[in-house]
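First up is the structure itself, then whatever we jot down about it.
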């Protein structure tokens, strides 16, 4: 929920926040609730910079910046359509031939995806949680590199890929052999 904590708000300022939030979300400038609200607050600041209320001497941009907030998790993704699908080379293979992951992440159209979070978890013993052994972020060309130095041969790992507006991908990989190449 996004709402003000004060009853004395004005429609013209509320509308700027609301309109800017929708602009940010629909134009894919922001994808989460908290950043969308911040986008709206910045719009009030730029639209009404230095506006002081005559009767109360309230600085309007500062007032609206401080009274609007989120109730709940501000990092929640706002879904405006069905989430997309990601793919990479591990859709075809589960064998890992070196102690690193170096792959390109694509969307359904075959375009590389930037800012995909990749996390590698080594399975724990029975009843234990897994341990994060590597993580990375894809670059503007979709390249995701994760160093797995110290991983033992025949280890089972899970690679998770996450990006806002996309379904999470999970790959179960086995470190079969090491070709001694470097990342």
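Numbering (our numbering), first residue to last: 74 to 256. From the three backbone atoms N, C-alpha and C, an ideal C-beta is built for every residue, glycine too.
Practice prompt. Determine the extent of the alpha helix (DSSP H) in which residue 132 is found, giving its start and end residues.
Written response: First-last for residue 132: undefined, no H or E at that position.
Worksheet item: Does DSSP classify residue 126 as helix, strand or coil?
Response: coil
Worksheet entry | Boundaries (first-last residue) of the beta strand (DSSP E) holding residue 206 | Looking at the DSSP string, the run of the beta strand (DSSP E) that includes residue 206 is 204-210.
Discussion item. Just verifying my parser: in three-state terms, what is the DSSP assignment at residue 97?
Written reply: Reduced to three states, the DSSP call for residue 97 is helix.
Practice prompt. May I ask you to verify whether the stretch 91-111 touches the stretch 176-183, counting CB pairs closer than 8 Å and requiring at least 3?
Written response: no
Discussion item. Given this structure, state the Cα-to-Cα distance separating residue 144 from residue 138, to the nearest angstrom.
Written reply: 15 Å
Worksheet item: Taking just the CA atoms, how far does residue 168 sit from residue 253?
Response: Between the alpha carbons of residue 253 and residue 168 lies a distance of about 15 Å.
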